[in-house]
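Colleague: Numbering (the numbering used here), first residue to last: 15 to 153.
We put the beta carbon where it would ideally sit given N, CA and C, even for glycine.
Let me give you the structure first, and then I'll get to my questions.
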């Protein structure tokens, strides 16, 4: 059932934020320690309970994908309780970016390699954040 599959994906997207412990910051991926193949590359962090690892160094294009995915789910699938969750996560994502000078700040307190939209990267435009603003307005 397409609706059930969409819900599984939606819950996984929410988990990508929750697992980091940083409001508005999404992991790139997560794995269960002892069950999933443990990768040797990238920036991986272990959760406080020691059961999961999540990949940091999230990029701006991944965040734009989250904005898109949340908007589509909101419009086509979500019930009111899920819409409330989406409003919350989109607000936290946007706040994280704006409160960190248009940057994604990882668990180490530093900007991720490709996680910035600031003037030093794009001049006076912030193209990717235009989509974020539309998503926030719609929800």
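Could you check what DSSP says for residue 52 in three-state terms: helix, strand or coil?
Modeller: In the chain shown, the residue the question calls residue 52 occupies position 38. In the structure shown, residue 52 sits in coil (DSSP, three-state: anything other than H, G, I, E or B).
Colleague: Could you tell me if residue 39 is buried or exposed, where buried requires 16 or more neighbouring beta carbons within 10 angstroms of its beta carbon?
Modeller: Translated into the one-based positions of the chain shown, residue 39 becomes position 25. Residue 39 comes out buried.
Colleague: If you compare alpha carbons, which of 23, 116, 30 is closest to residue 68?
Modeller: As a first step, residue 68 must be located in the chain shown, where it is residue number 54. Here the closest residue by C-alpha is 30.
Colleague: Pairing CB atoms from the segment 120-128 with CB atoms from the segment 56-72, are three or more of them under 8 Å?
Modeller: By the C-beta criterion, the segment 120-128 is judged to be in contact with the segment 56-72, since at least 3 inter-stretch pairs fall below 8 Å.
Colleague: Taking buried to mean at least 16 other C-beta atoms within 10 Å of its own C-beta, is residue 90 buried or exposed?
Modeller: For this step, residue 90 is matched to residue 76 along the chain shown. It counts as exposed.
Colleague: Could you have a look at residue 29 and say whether DSSP puts it in helix, strand or coil?
Modeller: Taking the first residue of the chain shown as 1, we reach residue 29 at position 15. Here residue 29 sits in helix by DSSP.
Colleague: So residue 34 and residue 26 are supposed to be a Cβ contact under 8 Å. How far apart are they, rounded?
Modeller: Translated into the one-based positions of the chain shown, residue 34 becomes position 20. Translated into the one-based positions of the chain shown, residue 26 becomes position 12. No, residue 34 and residue 26 are not in contact; Cβ-Cβ is about 14 Å, not under 8 Å.
Colleague: Bridge partners for residue 43 per DSSP, in chain order?
Modeller: Translated into positions along the chain shown, residue 43 becomes position 29. For residue 43, which the question treats as bridged, DSSP gives the partners 69.
Colleague: Hey, out of 59, 62, 23, 49, whose CA is closest to residue 80's CA?
Modeller: By one-based count along the chain shown, residue 80 stands at place 66. Taking only the C-alpha atoms, the option nearest residue 80 is 23.
Colleague: Tell me the residue span of the beta strand (DSSP E) that contains residue 129.
Modeller: One-based indexing of the chain shown puts residue 129 at position 115. Residue 129 -> beta strand (DSSP E) spans 125-130.
Colleague: To the nearest angstrom, report how far apart residue 76 and residue 117 are at their CA atoms.
Modeller: Position 62 of the chain shown, counting from 1, holds the residue named residue 76. Position 103 of the chain shown, counting from 1, holds the residue named residue 117. Rounded to whole angstroms, residue 76 to residue 117 spans 13 Å at the Cα level.
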